[in-house]
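Colleague: Numbering (the numbering used here), first residue to last: 323 to 451.
C-beta atoms are modelled at their ideal positions from N, C-alpha and C, and glycine is treated no differently.
(1) Would you kindly work out how many angstroms separate the C-alpha atoms of residue 444 and residue 429, rounded to a whole number?
(2) Any idea what DSSP makes of residue 359, helix, strand or coil?
(3) Closer than 7 Å by C-beta to residue 368: which residues in its own chain qualify, once you throw out the five before and the five after it? Chain order, please.
(4) Measuring alpha carbon to alpha carbon, tell me which residue in 402, 433, 387, 381 is nearest residue 355.
(5) Report back the beta-carbon spacing between residue 392 and residue 422 to the nearest angstrom; my notes put them in contact at under 8 Å.
(6) Count the other C-beta atoms from every protein chain shown that fall within 10 angstroms of the C-beta of residue 413, then say buried if there are 16 or more, exposed otherwise.
(7) Using the Cα positions of residue 402 and residue 438, report the straight-line distance between them to the nearest angstrom.
(8) Span of the alpha helix (DSSP H) holding residue 386?
(9) Spatial neighbours of residue 324 within its chain, please: C-beta separation below 6 Å, excluding the five flanking residues on both sides.
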């Protein structure tokens, strides 16, 4: 019903000195097209595929998802602080035909005064001591 993934997304940067680190970080060992097609083959109809990716790969990743039969259901833009650009996107794709335009929200990890935002506290409360 659902696949959650933080895919490898380094594509145009220097690979690491160790093969294991390169495999863990670079999309060359798991290209977006292979990931999207693999997830599509595993999910039931109307299944969801949730990913966390940086803005620089948003277009390429979204294209591969579309070509593999997904539509963007929700998009969460994550900023470190309000005055900076988006640092990560959390995207929720649904398998099948689009039945609504995507919902989009933006959240910040810290407030303008650099204190931890309430959203961040609420989101990670189960993981923080």
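Modeller: Straight from the coordinates:
(1) Position 122 of the chain shown, counted from the first residue, corresponds to residue 444. Position 107 of the chain shown, counted from the first residue, corresponds to residue 429. Near 12 Å, if we compare the C-alpha coordinates of residue 429 and residue 444.
(2) Here residue 359 corresponds to residue number 37 of the chain shown, with the count starting at 1. In the displayed model, residue 359 falls within a helix according to three-state DSSP.
(3) Taking the first residue of the chain shown as position 1, residue 368 is located at position 46. Excluding positions up to five away in sequence, the list reads 416, 417, 418.
(4) For the purposes of this step, residue 355 is taken as the residue at position 33 of the chain shown. Ranking 402, 433, 387, 381 by Cα distance to residue 355 puts 387 first.
(5) As a first step, residue 392 must be located in the chain shown, where it is residue number 70. As a first step, residue 422 must be located in the chain shown, where it is residue number 100. About 14 Å; that fails the 8 Å criterion.
(6) As a working note, residue 413 is residue 91 in the chain shown. Result: buried.
(7) The residue labelled residue 402 in the question sits at position 80 within the chain shown. The residue labelled residue 438 in the question sits at position 116 within the chain shown. Answer to the nearest angstrom: the Cα atoms are 10 Å apart.
(8) What you label residue 386 is simply residue 64 of the chain shown in a count that begins at 1. From DSSP, the alpha helix (DSSP H) with residue 386 extends over 380 to 389.
(9) Residue mapping note: residue 324 aligns to position 2 of the chain shown, counting from 1. So the qualifying residues of the chain are 370.
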